[in-house]
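Student:
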Ligand code: E4P
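Numbering (my numbering), first residue to last: 1273 to 1493.
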């Protein structure tokens, strides 16, 4: 399973990429706005910092405008993935970009039939937003289950299910159980994944016992 980081914060990206656990980055206009910097500059910097796919979202809502913006974003680096909204205009632009060999992440997916359309339009990734569905009392992970099942029925679709709007480790656990290809996580959630109180207390106990017994591992000499 691939882990993407859902942020435009370059310091966080650099720090967490150093763990070797980050396979790519997703951004959106809200995340880019938080940096207070020009979008193309941020995307260029992120693309230099990571080898994996970096999703950069268009701002236009019409197909022609999306294609114009996609051209600018795709020219930034080879690992840019164009993020397009799940609308008819977005799907039309997706088909055109996919036909040119440009990777697309179709975002703001909230239903399984929308995900089916994204696959038909040639998306590389589809991003169902689980947290935002949970927020309105729906079951975000049930949507992932439906999409994974539908895509398995049609092996000709190569679109990867990118679980987005994940808010806590349980989303990651469920996404992995269901066989989703990717989950994108805010930096704080990725950090949460490694934490377990028994790991911390176990380390403390081992170190205390080692110190009591005067154990050490001398450098090779
Ligand atoms: C990822 O591609 C999305 O932009 C992101 O996961 C949205 O998360 P949010 O619902 O927490 O804003």
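For glycine and all other residues, C-beta sits at the position ideal for the given N, C-alpha and C.
Nearest CA to the CA of residue 1431: which residue from 1336, 1323, 1357 and 1391?
Tutor: For the purposes of this step, residue 1431 is identified with residue 159 of the chain shown, where counting begins at 1. The residue with the shortest Cα to Cα distance from residue 1431 is 1391.
Student: State the start and end residues of the unbroken alpha helix (DSSP H) segment that holds residue 1400.
Tutor: Within the chain shown, numbered from 1, the residue matching residue 1400 stands at position 128. Here residue 1400 belongs to no alpha helix (DSSP H); instead the beta strand (DSSP E) covers 1397-1400.
Student: How big is the Cα-Cα spacing for residue 1447 and residue 1433?
Tutor: Position 175 of the chain shown holds residue 1447. Position 161 of the chain shown holds residue 1433. Their Cα atoms are separated by approximately 9 Å.
Student: Apply the 10 Å Cβ neighbour rule to residue 1329 and answer buried if 16 or more other Cβ atoms are within range, or exposed otherwise.
Tutor: Translated into positions along the chain shown, residue 1329 becomes position 57. Result: buried.
Student: Keeping to the same chain, check which residues put their C-beta closer than 6 Å to that of residue 1375; ignore five residues upstream and five downstream.
Tutor: Position 103 of the chain shown holds residue 1375. Answer for residue 1375: 1353 and 1396, listed in chain order.
Student: Identify whether residue 1297 lies in helix, strand or coil by the three-state DSSP scheme.
Tutor: The residue you call residue 1297 lines up with position 25 of the chain shown. Strand at residue 1297.
Student: Among the candidates 1337, 1344, 1295 and 1340, whose CA atom is the shortest distance from the CA of residue 1321?
Tutor: Along the chain shown, read from residue 1 onward, the residue named residue 1321 stands at position 49. Looking from the CA of residue 1321, the closest CA among 1337, 1344, 1295 and 1340 belongs to 1295.
Student: Mark residue 1443 as exposed unless 16 or more other C-beta atoms lie within 10 angstroms of its C-beta, in which case mark it buried.
Tutor: In the chain shown, residue 1443 corresponds to position 171, counting from 1. Buried: at least 16 other Cβ atoms inside 10 Å.
Student: Among 1455, 1305 and 1346, whose alpha-carbon lies nearest the alpha-carbon of residue 1273?
Tutor: Counted from its first residue, the chain shown places residue 1273 at position 1. Residue 1273 has its Cα closest to that of 1455, out of 1455, 1305 and 1346.
Student: Just mark residue 1299 as buried or exposed, buried being the case when its beta carbon has 16 or more other beta carbons within 10 Å.
Tutor: Mapped onto the chain shown, residue 1299 falls at position 27. Counting Cβ neighbours within 10 Å, residue 1299 comes out buried, since at least 16 surround it.
Student: Determine the closest residue to residue 1366 out of 1389, 1351 and 1441, with distance taken between C-alpha atoms.
Tutor: Residue numbering aside, residue 1366 sits at position 94 when the chain shown is read from its first letter. The candidate whose alpha carbon is nearest that of residue 1366 is 1389.
Student: So residue 1362 and residue 1338 are supposed to be a Cβ contact under 8 Å. How far apart are they, rounded?
Tutor: Start at 1 with the first residue of the chain shown, and residue 1362 comes out as number 90. Start at 1 with the first residue of the chain shown, and residue 1338 comes out as number 66. Right, their Cβ atoms sit about 7 Å apart.
Student: Straight-line CA distance for residue 1470 to residue 1479?
Tutor: In the chain shown, residue 1470 corresponds to position 198, counting from 1. In the chain shown, residue 1479 corresponds to position 207, counting from 1. Each residue's Cα considered, the two are about 14 Å apart.
Student: Once DSSP output is grouped into helix, strand and coil, what is the label at residue 1436?
Tutor: Sequence index remark: in the chain shown, residue 1436 carries index 164 (1-based). Residue 1436: strand per DSSP, three-state reduction.
Student: Quick one: what's residue 1328 bridged to in DSSP?
Tutor: Indexing the chain shown from 1 puts residue 1328 at position 56. Looking at the DSSP assignment, residue 1328 forms a beta bridge with 1354.
Student: Please classify residue 1409 as buried or exposed, where buried requires at least 16 other C-beta atoms within 10 Å of its C-beta.
Tutor: Taking the chain shown and counting its residues from 1, one reaches residue 1409 at position 137. Under this definition residue 1409 is an exposed residue.
Student: For residue 1420, I'd like the list of residues in its chain whose CB is within less than 7 Å of its CB, leaving aside the five on either flank, ordered along the chain.
Tutor: Position 148 of the chain shown holds residue 1420. The residues are 1433, 1450, 1451 and 1452.
Student: Report yes if the C-beta of residue 1404 is less than 7 Å from at least one heavy atom of the ligand E4P; otherwise report no.
Tutor: As a first step, residue 1404 must be located in the chain shown, where it is residue number 132. Flag set: Cβ of residue 1404 near the ligand E4P.
Student: What is the DSSP secondary structure of residue 1322, counted as helix, strand or coil?
Tutor: Start at 1 with the first residue of the chain shown, and residue 1322 comes out as number 50. It is coil, neither helix nor strand.
Student: Can you tell me where the beta strand (DSSP E) holding residue 1456 begins and where it ends?
Tutor: Numbered from its first residue, the chain shown carries residue 1456 at position 184. Start and end: 1454-1457.
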